[in-house]
Amino acid sequence: MSDVHGMSQDRDSAAVQLLAMSKDPFRAPTDRDMRPSERRLFVETHRTCVFGYDRRSDGPAMSVVYYIPAENGDLLVATMGERAKAKAVARNGKVSLCVLDETWPFAYLQVYCDAAIDHDDDALVDVMMAVAERMSGEPLAADLRPLVKAAADEEGRVLVRCRPYATFVTPPRHLHRNDQAESLTHWVSASMPWGAPDTPDVA
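Quick note on the working numbering: the sequence shown kicks off at 36 and runs consecutively.
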């Protein structure tokens, strides 16, 4: 059973289908905003993010984590149940994931999510093995699964299921040299619904 805040039980009860690690992360355009489909592709093909959540006091807490995208659009994070982010999710299911670009000049894309603790042990181990692949660049051998399961049990790991509902992005900007002819362009971006369709470019 999944402890899910306002999420479809039918969607959660299905087996988690993780997306394979991308060998070619999407490169953000430098001369325009990302289209909705490109925002989703950016999230699907990258692997690390800043996980942000509200604290009881002080400002928002932030930590860098690996995330695993699923075919249904969910973004999955494995963490220790005693860590603050898991407790925050149980307390308030609103989180932000700032997906990190791995190229320079870098873009950033923030994903607003409804999050919940999911108690599917098999999915948790799947995610931990997928994280190991993203860390090392090589798939983890299937015969290591029992060791990963034992580590999850020993560390009290839980699965955080993040369901995106909106994105905010800023295109990359970089000054290559002080006398370059190309000017730096800036504009105001906006939040878009996660499932928004692409619209024709305006000339």
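Here a beta-carbon is modelled for each residue, glycine too, at the ideal position from N, C-alpha and C. Model, not experiment: these values are computed from the prediction.
Range covered by the alpha helix (DSSP H) that runs through residue i
| i | result |
| --- | --- |
| T80 | P71 to T80 |
| V99 | From DSSP, V99 is part of no alpha helix (DSSP H) but of the beta strand (DSSP E) over A96 to Y101. |
| S171 | D156 to S171 |
| A55 | Note, A55: premise wrong, no alpha helix (DSSP H); not H, not E. |
| A231 | Premise fails: A231 is in no alpha helix (DSSP H) and is neither H nor E. |
| A123 | A119 to R126 |
Exposed unless 16 or more other CB atoms sit within 10 angstroms - verdict on residue i
| i | result |
| --- | --- |
| Q215 | exposed |
| A225 | exposed |
| D188 | exposed |
| S218 | exposed |
| Q44 | Legend: pLDDT at Q44 = 41, less than 50; position of this residue unreliable, value from coordinates given subsequently. Exposed. |
| G128 | buried |
Integer Cβ distance of residue i from residue j, believed to fall under 8 Å
| i | j | result |
| --- | --- | --- |
| V195 | T114 | 6 Å |
| Y88 | V130 | 5 Å |
| P71 | A142 | Not quite, the Cβ-Cβ distance comes to about 15 Å (not below 8 Å), so this is no contact. |
| C84 | L53 | Not confirmed; about 16 Å, so no contact. |
Endpoints, beta strand (DSSP E) assigned at residue i
| i | result |
| --- | --- |
| D149 | Y143 to D153 |
Other residues of its chain near residue i: CB distance less than 8 Å, five sequence neighbours each side excluded
| i | result |
| --- | --- |
| D59 | T80 |
| M170 | Y101 |
Residues sharing a beta bridge with residue i, DSSP
| i | result |
| --- | --- |
| T205 | Y143 |
| A113 | L194 |
| F86 | S98 and L132 |
| A105 | L53 |
| P199 | C148 |
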